[in-house]
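Residue 411 in the numbering used here sits at position 41 of the sequence shown, and the numbers go up by one each step. Ideal Cβ positions, reconstructed from N, Cα and C, are used throughout, including at glycine. Just so you know, these numbers come straight off a predicted model, no measurement behind them. Note sheet for the following structure.
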Amino acid sequence: LFTGLTGFSTGWISLLIFSSITRIALAGENPVGMLMVTETAPTKWRATALGGLVGGYPLGYMLCSLAALVVVPLWGWRSLYFLGIAPALLVLWIRIGIKESPRYEHVTAQMLKEGLKKQFDIFAPARQYPREMLIASLVYFFYLFTWLGWSAWMPFYLATERKLGFQTMGTYLSIWMFCAIFAYWFCGWLCDLYGRRWVIPTFTVPAGILLIVMGFCETPTSLFWVGLAANFLITGSFGTGLGYTAELFPT
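In C-alpha cells form, the structure reads like this:
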C-alpha cells in the first residue's frame, strides 16, 4: 500500500515519509519470515533454507531493475512504485495460506496458560537474555546498515557519480542480482557443511575490502567486475547471518 502511495509523492518530504513507512513494514516482515523458516527447517540444512528464503531479495531487485528499464522510459518513475503494489498483494495472499510452525503453536499455548500480561511484555526477552539481545541487535544493525546502504546507494552511484547512465546502471544491477540469487544458496550450503563461524567472515571481510577497491575503479569494465564480486559476497552471507540471530534464543 505505502509502496504505491510513494508514487504520489510531490516532494522530498512526502517521498521520505512514504519510503520510511514502507521500510518499517518491510523490516517487521523480514524477521517473521526468517523465524518461520528457522522453526520449520531441519537443523542439518537450516542455513541453506534461510539462504534460499532471503535469496528472494536479489530476485526481486533484479526484476525491479529489468522492469525499470522498460517502465520508467515509457511512463516515468512513479509507475514503478505503482507496479510494486502487485508483489505486496502476493505476499498477503501467501501469508494467509501459511500455517504457523508446530513449535510456535506449542509455545503460544504455554504463554496463554501463563497469562496475557506476560505474553505482551515485549521487554521480557531483553531482561531474560540481555547478552543474546545485544548480539542479535548488533548483527541485525550492521547487516541491514550494509545491505540497505549498498542497495540504495548503488543505482545513484553508477548512474550519476560514475556517469554510466540509466540503461547501463539497470543492466549492471540486473546481472549482479541474478548472480546474487545463487550466492545466498551457496553461502547457506557452506554454512551447513562447515558452520557459520568461519564461512560468514570468509564472505564479509573480502566484501569490505572490495568496497574500498571499488572507489578506485576507473573503467566501466573494472567497476562491473569488482561490483559483481562485492555484491556476491555482501548478499551471500545476508540470509545465514541474520538467521543466526534466531538460533541465539530458545523457542
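CA-to-CA distance, Gly374 to Phe452, given in whole angstroms: 5 Å
- prompt: Got a sec? Which residues, its chain only, sit under 6 Å from Met432 by beta carbon, not counting five neighbours each side?
  reply: Ser544, Met547, Phe548
message: Quick check: what's the CA-CA separation for Leu423 versus Trp517?
response: 16 Å
message: Could you give the first and the last residue of the continuous alpha helix (DSSP H) run that contains Cys549?
response: 536-564
task: Please confirm if the region 443-451 is in contact with the region 376-395, defined as three or more CB-CB distances below 8 Å between the two stretches.
output: yes
- prompt: Using 8 Å as the threshold, is the region 598-616 in touch with the region 552-570, meaning 3 or more CB pairs across them?
  reply: yes
message: If you measure between the beta carbons of Tyr510 and Thr615, is that distance less than 9 Å?
response: yes
task: Have a look at Gly519 and Pro525 and give me their C-alpha separation to the nearest angstrom.
output: 11 Å
message: Let me confirm a value: Arg497 is counted as buried when at least 16 other C-beta atoms fall within 10 Å, else exposed. Which label applies?
response: exposed
task: Could you tell me the distance, in whole angstroms, from the CA atom of Thr410 to the CA atom of Val440?
output: 39 Å
message: Please give the ranges of any alpha helix (DSSP H) in the region 409-459, keeping only runs that are unbroken, at least 4 residues long and fully inside the region.
response: 416-424, 426-445, 447-453
- prompt: Helix or strand or just coil, what does DSSP make of Gly374?
  reply: helix
- prompt: Roughly how many whole angstroms lie between the Cα atoms of Pro495 and Arg567?
  reply: 24 Å
message: Only counting the same chain, and skipping five residues up and downstream in sequence, which positions put a Cβ closer than 7 Å to that of Ala577?
response: Ala600, Leu603, Ile604
- prompt: Given Val569, which residues of its chain have a CB within under 7 Å of its CB, disregarding the five upstream and five downstream residues?
  reply: Cys557, Leu560, Cys561
field: Leu618, DSSP secondary structure in three states
entry: coil
- prompt: Do the CB positions of Thr538 and Pro590 come within less than 9 Å of each other?
  reply: yes
field: Cβ-based neighbour list, Leu622, same chain, cut-off 6 Å, excluding 5 preceding and 5 following
entry: This structure cannot speak to residue 622, because the chain is shown only from 371 to 621.
field: The alpha helix (DSSP H) enclosing Ile505, as first and last residue numbers
entry: 500-526
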